[in-house]
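Numbering (the numbering used here), first residue to last: 8 to 146.
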């Protein structure tokens, strides 16, 4: 099976995200030992969400080129960017002990909030492009 350069980039970026998510289990475990429930939850979200984001990018990098051929990159880009924005937001959230829905006037909360918003917008764009293309290809 031959893999295009574009597929290689997305497969690699998905694997990097998965590995980063796996490593985020370290601060998650350490926060559990300290007994800070909020911080433990923030690190758990960062750990698991980043792993899921990485696996999602890997799966999409394999499936979308088979479904959409050369147009797959247009769909993969916002999905991958969204996964990386969520990774940065969730990691920052655990590091700063700030949730995206905390008071945005507190230092550190605004960047977490806006990264979450950017990731959500990219997700909506990706899905908004994917579904019509999928429906069009089936019809």
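No residue lacks a Cβ here, since even glycine has one placed at the ideal position from N, Cα and C. Here the structure is a predicted model, which is why all the values come from computation and not from measurement.
Helix, strand or coil: which one does DSSP assign to residue i?
i, result
"residue 46", "helix"
"residue 104", "coil"
"residue 114", "coil"
"residue 52", "helix"
"residue 88", "helix"
"residue 137", "helix"
"residue 10", "coil"
"residue 31", "coil"
"residue 24", "helix"
Give me the Cβ distance between residue i and residue j, rounded to the nearest whole Å; I'm assuming they're in contact under 8 angstroms.
i, j, result
"residue 101", "residue 34", "6 angstroms"
"residue 61", "residue 36", "Actually they are not in contact, since the Cβ atoms of residue 61 and residue 36 sit about 19 angstroms apart, beyond 8 angstroms."
"residue 2", "residue 114", "No statement about residue 2 is possible, as the shown extent of the chain runs from 8 to 146 and does not include it."
"residue 64", "residue 90", "5 angstroms"
"residue 28", "residue 57", "3 angstroms"
With distance defined between alpha-carbon atoms, name the residue in the options nearest to residue i.
i, options, result
"residue 88", "133, 137, 142", "133"
"residue 125", "83, 135, 96", "96"
"residue 107", "92, 94, 123", "123"
"residue 48", "84, 82, 103, 70", "103"
"residue 128", "53, 85, 145", "85"
"residue 92", "50, 11, 70, 121", "121"
I need the straight-line Cα distance from residue i to residue j, nearest angstrom please.
i, j, result
"residue 19", "residue 140", "25 angstroms"
"residue 25", "residue 68", "14 angstroms"
"residue 143", "residue 112", "45 angstroms"
"residue 9", "residue 15", "10 angstroms"
"residue 94", "residue 105", "14 angstroms"
"residue 50", "residue 66", "24 angstroms"
When you compare the region 64 to 82 with the region 38 to 48, are there three or more beta-carbon pairs, one atom per stretch, that lie closer than 8 angstroms? no
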